[in-house]
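Q: Let me begin by handing over the structure; questions about it come next.
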Amino acid sequence: MLNIIIYLFPILVNYISGGMFFNTAYRFSQAQAPELAITGTMAIWAISYSLASLLVGRIVTEKNAARLIVFAGVIICLSSLGFVIFPHLYLQYLWAGLTGVGMAIYCTPFQIFMKTLGGNAASGVVYATAMYSA
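Heads up, the sequence shown is in our numbering, so the first residue is 42 and it goes up one at a time.
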C-alpha cells in the first residue's frame with residue numbers, strides 16, 4: 042500500500058502544476074490581459090523552479106530528502122490556497138513563483154527518496170526514476 046501512495050505523489054504534483062498553468066492562463070485571458078502577461082506566469086514559474094532546483098541540488102541528502110518533500114508539500118499547499126483566497130490578477134505571479142519553488146523542493150529530493158526505497162544498489166536512481174516517470 043505504501044508503494045501505491047508513494048507513486049501517487051508525482052501524479053498529484055503534476056495535476057497541481059497543470060491546474061496552476063491552466064487556471065492562471067484562464068484568469069488572465071478572462072481579464073483580457075495581454076499575451077505577455079499570460080506567458081509571464083509561466084516564465085515566473087520556470088525561473089523560480091530553475092533557480093530553486095540549483096539550490097536544492099546542493100543541500101539534498103538521503104537523510105533530509107523526506108523532510109524536504111514534506112516541506113515542499115506545505116509550500117505547494119499554501120501557494121494553492123493563495124490562488125483561491127487571494128485571486129487578485131497580479132498576485133498570480135507570486136503564487137506561480139512559490140509553486141515553482143515548491144515543485145523544485147519536491148522533485149530533486151523525490152528522486153533521492155526513490156533511490157533509497159529501491160534498496161538495490163545495482164538498479165540505482167535510474168530504475169527508481171523510471172518507475173515513477175514512465
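Quick reminder that beta carbons are idealized off the backbone N, C-alpha and C, glycines included.
1) What's the C-alpha gap between M61 and L139?
2) For E26, which three-state DSSP category applies?
3) Restricting to Cα atoms, I'd like to know which of Q71, F127, L122, F112 is closest to G143.
4) Quick check on this structure: which residue in I146, P128, F151, Q152 has the alpha carbon closest to the alpha carbon of N64?
5) In the DSSP assignment, find the unbroken alpha helix (DSSP H) run with V125 in it and report its ends.
6) Quick check on S91: buried or exposed, where buried means 16 or more other Cβ atoms within 10 Å of its Cβ?
A: In short:
1) 11 Å
2) As shown, the chain starts at 42 and ends at 175. That puts residue 26 outside it, with no answer to give.
3) Looking at Q71, F127, L122, F112, the one whose alpha-carbon comes closest to that of G143 is F112.
4) For N64, the closest alpha carbon among the candidates I146, P128, F151, Q152 is that of P128.
5) For V125, the uninterrupted alpha helix (DSSP H) segment begins and ends at 106-126.
6) By the C-beta density criterion, S91 is exposed, having fewer than 16 other C-beta atoms within 10 angstroms.
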